[in-house]
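Chemist:
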Amino acid sequence: MTSISYGGDYNPEQWPEETWPEDIELMRQAGVNLVSIGIFSWALLEPRRGEYDFGWMDRLFALLHEAGIRISLGTPTASPPAWFFHEHPEARVVTRDGTVLGFGSRGMASPSSPAYREASVSIAQALARRYGKHPALALWHVHNEYGAPVSECYSPDSVRAFRRWLQERYGSLNALNQAWGTAFWGQRYGEWEHVPAPAVSPSVVNPAQRLDFARFTSDALLQCFIAERDVIRVESEAPITTNFMAGSCPSVDLWKWANEMDVVANDHYLDAADPRNHVGLALSADLTRSLAGGRPWILMEHSTSAVNWQPRNIAKRPGELARNALTHLGRGADAVMFFQWRASRSGAEKFHSAMLPHAGTGSRIWREVCALGRGLGRLGEVLGSEVRAEVAILWDWESFWAQDLEWRPSVDLSHRERIDAFYDRLWRDGITVDFAHPESDLSTYKLVVAPASYLLTDVAASNIRRYVEDGGTLVVSYFSAIVDEYDRVHPGGYVAPLREVLGLTVEAFLPLRAGETVTLTGEMTCDVWADDIALEGAEVLAVFEDGPGAGKPAITRHTLGAGSAFYIATRLGVDELSVVLRRPYDDAGIALSTAPDDVELIRRHADHANYLIALNHSDRPAQLSVAGTDLLTGKTGDSLKLEAGGARVVRVCL
Ligand code: GAL
879 MTSISYGGDY
889 NPEQWPEETW
899 PEDIELMRQA
909 GVNLVSIGIF
919 SWALLEPRRG
929 EYDFGWMDRL
939 FALLHEAGIR
949 ISLGTPTASP
959 PAWFFHEHPE
969 ARVVTRDGTV
979 LGFGSRGMAS
989 PSSPAYREAS
999 VSIAQALARR
1009 YGKHPALALW
1019 HVHNEYGAPV
1029 SECYSPDSVR
1039 AFRRWLQERY
1049 GSLNALNQAW
1059 GTAFWGQRYG
1069 EWEHVPAPAV
1079 SPSVVNPAQR
1089 LDFARFTSDA
1099 LLQCFIAERD
1109 VIRVESEAPI
1119 TTNFMAGSCP
1129 SVDLWKWANE
1139 MDVVANDHYL
1149 DAADPRNHVG
1159 LALSADLTRS
1169 LAGGRPWILM
1179 EHSTSAVNWQ
1189 PRNIAKRPGE
1199 LARNALTHLG
1209 RGADAVMFFQ
1219 WRASRSGAEK
1229 FHSAMLPHAG
1239 TGSRIWREVC
1249 ALGRGLGRLG
1259 EVLGSEVRAE
1269 VAILWDWESF
1279 WAQDLEWRPS
1289 VDLSHRERID
1299 AFYDRLWRDG
1309 ITVDFAHPES
1319 DLSTYKLVVA
1329 PASYLLTDVA
1339 ASNIRRYVED
1349 GGTLVVSYFS
1359 AIVDEYDRVH
1369 PGGYVAPLRE
1379 VLGLTVEAFL
1389 PLRAGETVTL
1399 TGEMTCDVWA
1409 DDIALEGAEV
1419 LAVFEDGPGA
1429 GKPAITRHTL
1439 GAGSAFYIAT
1449 RLGVDELSVV
1459 LRRPYDDAGI
1469 ALSTAPDDVE
1479 LIRRHADHAN
1489 YLIALNHSDR
1499 PAQLSVAGTD
1509 LLTGKTGDSL
1519 KLEAGGARVV
1529 RVCL
């Protein structure tokens, strides 16, 4: 493609066909050049098992093709038809407490159901045979948002598949018993048939068993994707993807998934309750780019205004639509898509915003949709350019699954809260961030932050050690490097795998009471947590002045080889982190942004040019001294006036 892709989910089967030409004419007016179709159309495409009705989709393909609009074709397997569940009641999803989920909503069948696997592969294959070589086909959009609303399933098929997965992982029951520590609480297994899924039980279920079930669930869903992808691949050369929910769907390990995609695609919806939700948006975009290995990615869905599924669905303010879309673009998206093209009159999502709202073409949203389409039409040269980051935050779904289980030292421990706090600090400091798996190559980063690395393998610990020895700067937050991949405490005690890197060990956890605060050197206050640290070479930068750890180190720094490693033994807010991160920034040689508060600046780089994406989230105009050409207006100058709420894309003079 030679221009930024623009469009959304298009579900025209909700309207009589006479409406379609009007849709297409309005798409042209809005600058739409890509639409996703067929995502939930299984019941229409295959009204009875093996009987296909492609007539309406043929006509839709023809109309879109004639209008020059390209197609991202969904496989409809996120919503099997009523006949499927009627024939295969055993394929229904069973929740952890044994509830069997009924029909009448959406959400796939059990990922481990052989009947579902067969039916979904058949419909994917039929679509691939019919449309796989159609000239309008740009992309395959397999399924929809794996992991939501269905993730774990406890059906008999799932339990059998879990056992097979365990047999492959462990080889022998002896190895499984060792890994899960089943000697405790009398859980030793003598037969594979006795190993259950971790359903609701009288007390806390073995955490290693739950962690493996989370891994199995992600793998079972991934196998569903791979099965569809592989039959499509035989018939079609178009790239194949599925839409991730990076940052908001905890149940799939997207590091593994990303390897299976031809191009990474993501959906993002603002958290309406958060007045600074543009920071969460930036995090999701950075995580998606990281999953894509730094390459451009597709924003498959976001909203033009309010969604309909949060407790209070807040409409976007004037200008917010473009600011959100251009933030995704600034952080690496080469396609900007919405859910959905035309607002639904019926069904569960009729109060969800759309590109063409119920209020029609006289509305502000429609004008903003058309203005964004025109703007994106001028940004073709940005296509393919890349974002570079000097800082990485470690992110590992396996660690999150383990940490989020029951009976941890404090209910106030939250891996996500810590990641958000560090990310927010870096965002405010104007520093672009990648996310990285702890076992991945870290050598290109000046600074690596580990806000929530509860589960840290020995391989990851050696990787991190090498990074520091070779000159990297590391910041580790509390409750990191505690357990191995089986949720077993590392031999040598808490933080043991990073003991020599950090120059300390943690003798005991000293969690705080609800609402309790503690003072640190420099009048900083903290809450939730304290560690009882024994120093083994680290220098102390701050101590606890009161609380259960009074007099003990709270923030430390240790040098190893050519690098340095900081440890933060308590929960600090975003303002306190500003003070604490100064030293790591210095060590790493990282310069803070001089942009005004709440003005977000991101850069994309290409061989031929550099681009600055400037977004003003504040209610005050801002002036930036940037020499270049504003691609949205065509104006060239030495400075950029950014109105309150404004967004600009500038080709910077080199
Ligand atoms: C997404 C989903 C879409 C639509 C949208 C509404 O999660 O993929 O089909 O439901 O949410 O915000």
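Throughout the sequence shown, residue numbering follows this note's numbering, covering 879 to 1532 in sequence. For every residue, glycine included, the Cβ atom is placed at its ideal position computed from N, Cα and C. Everything numeric in this text was worked out from a predicted model, so none of it was measured.
1. Check the DSSP bridge columns for T1514 and list the partner residues they point to.
2. With hydrogens ignored, establish whether the beta-carbon of E1023 is closer than 6 Å to any heavy atom of the ligand GAL.
3. Would you kindly check if the distance between the Cβ of A1232 and the Cβ of R1220 is under 7 Å?
4. If you pair each beta-carbon of the region 1157 to 1166 with each one of the region 1207 to 1225, do three or more pairs fall below 8 Å?
5. Counting C-beta neighbours from all protein chains within 10 Å, is the total for I1001 16 or more, i.e. buried, or is it exposed?
6. Between which residues of its own chain and N1055 is the CB-CB distance below 7 Å, once the five residues before and five after are set aside?
7. How would you call H1293, buried or exposed, if buried means at least 16 neighbouring beta carbons within 10 angstroms?
8. How many angstroms separate the CA atom of A1006 from the CA atom of G916?
9. For the region 1046 to 1070, which segments carrying the alpha helix (DSSP H) assignment without a break, of at least 4 residues, lie completely within its bounds, in sequence order?
10. Count the other C-beta atoms from every protein chain shown that fall within 10 angstroms of the C-beta of F1278, then say buried if there are 16 or more, exposed otherwise.
11. Evaluate contact between the region 1442 to 1451 and the region 1347 to 1354, counting only Cβ atoms and requiring at least three cross-stretch pairs below 8 Å.
12. Among Y1364, I882, M905, whose alpha-carbon lies nearest the alpha-carbon of T1239?
13. Starting from Q1501, trace the beta strand (DSSP E) both ways and give me its first and last residue.
14. Could you check whether the region 1369 to 1388 touches the region 1334 to 1346, counting it as contact only if at least three pairs of C-beta atoms, one from each stretch, sit closer than 8 Å?
15. List the whole-angstrom C-beta distance separating G1258 from T880, where the pair is believed to meet the contact cut-off of C-beta under 8 Å.
16. Tell me the DSSP bridge mates of S1442?
17. I'd like the span of the beta strand (DSSP E) that includes D1409, first residue to last.
18. Would you say R984 and S957 are within 7 Å of each other, going by their C-beta atoms?
19. Could you tell me which of S990, A1016, R1047, V913 sits nearest to C1031, measuring between CA atoms?
20. Return the chain-ordered list of same chain residues with a C-beta closer than 8 Å to the C-beta of K1324, the five sequence neighbours on each side being excluded.
21. Is DSSP giving V913 helix, strand or coil here?
22. Which same chain residues end up closer than 6 Å to G1506 when comparing Cβ atoms and leaving out the 5 residues on each side of it in sequence?
23. Just the C-alpha distance for S1496 and A1193, rounded to the nearest angstrom, thanks.
24. The alpha helix (DSSP H) with L1455 in it runs from where to where?
25. Kindly indicate if chain D contains any beta-carbon less than 7 Å away from that of W1285.
26. Helix, strand or coil for T1119 per DSSP?
27. Near L1204, which residues of its chain fall below 7 Å by C-beta distance, leaving aside the five closest residues on each side in sequence?
28. Can you tell me the Cα-Cα spacing of D1302 and L1320, whole angstroms?
29. Would you check if the distance between the CB atom of S1096 and the CB atom of D1131 is smaller than 7 Å?
30. Determine, using beta-carbon pairs with one atom in the region 1393 to 1400 and one in the region 1413 to 1427, whether at least three such pairs fall under 8 Å.
31. Could you give the distance in angstroms between the alpha-carbon of L1510 and the alpha-carbon of V1260?
32. Are the beta-carbon atoms of D1410 and A1386 separated by less than 7 Å?
33. Does the ligand GAL have even one heavy atom less than 6 Å from the beta-carbon of F1217?
34. With distances taken between CB atoms, is the gap from L1199 to E1276 smaller than 7 Å?
35. Closer than 7 Å by C-beta to L1254: which residues in its own chain qualify, once you throw out the five before and the five after it? Chain order, please.
36. With DSSP collapsed to three states, give me the class of W1224.
Modeler: Judging by the given coordinates:
1. Note: T1514 sits in a beta bridge opposite T1507.
2. E1023: yes, Cβ under 6 Å from the ligand GAL.
3. At a Cβ-Cβ threshold of 7 Å, R1220 and A1232 count as neighbours.
4. Enough Cβ pairs lie closer than 8 Å, so yes.
5. Note on I1001: 16 or more other CB atoms within 10 angstroms of its CB, so buried under the neighbour-count rule.
6. Sequence-distant partners of N1055 (beyond 5 residues in either direction) whose C-beta falls short of 7 Å from its own C-beta, in its chain, are R1066, Y1067.
7. Buried, since its Cβ has 16 or more Cβ neighbours within 10 Å.
8. Approximately 12 Å, taken between the alpha carbons.
9. Taking only runs of at least 4 residues, the alpha helix (DSSP H) segments lying wholly in the region 1046 to 1070 are 1051 to 1058.
10. Flag for F1278 reads buried.
11. Result yes; three or more Cβ-Cβ pairs closer than 8 Å.
12. When only C-alpha atoms are compared, the closest one is M905.
13. Run containing Q1501: 1500 to 1502, per the beta strand (DSSP E) assignment.
14. With a cut-off of 8 Å, the region 1334 to 1346 and the region 1369 to 1388 count as touching, because enough Cβ pairs lie within range.
15. About 6 Å; that satisfies the 8 Å criterion.
16. According to DSSP, S1442 bridges with T1351, T1437.
17. D1409 -> beta strand (DSSP E) spans 1409 to 1413.
18. Yes, Cβ-Cβ distance for R984 and S957 is below 7 Å.
19. The shortest Cα separation from C1031 among S990, A1016, R1047, V913 belongs to S990.
20. Closer than 8 Å at Cβ, skipping near neighbours: E1268, V1269, G1350, T1351, A1466, G1467, I1468.
21. In the structure shown, the three-state DSSP call for V913 is strand.
22. Hits under 6 Å: V1528, R1529, V1530, C1531.
23. Approximately 17 Å, taken between the alpha carbons.
24. In the DSSP assignment, L1455 falls within the alpha helix (DSSP H) that extends over 1452 to 1458.
25. No chain D appears in the structure shown, which is made up of a single protein chain.
26. The three-state reading of DSSP puts T1119 in strand, counting E and B together.
27. Excluding sequence positions up to five before and after L1204, its CB lies within less than 7 Å of the CB of I1491, L1493, A1525, V1527, all in the same chain and listed in chain order.
28. For D1302 and L1320, the distance between alpha carbons rounds to 21 Å.
29. Annotated as proximal: S1096 and D1131, with beta-carbon spacing under 7 Å.
30. Cβ pair count under 8 Å is three or more, so yes.
31. Straight-line Cα distance between these residues: approximately 12 Å.
32. Yes; because the gap between Cβ atoms is below 7 Å, this pair is in contact.
33. Yes.
34. Taking a C-beta distance under 7 Å as the contact criterion, L1199 and E1276 do not qualify as a contact pair.
35. Result list for L1254: I882, Y884, G909, V1214, in chain order.
36. Note on residue identity: the sequence assigns Ser, not Trp, to residue 1224. Three-state result, S1224: coil.
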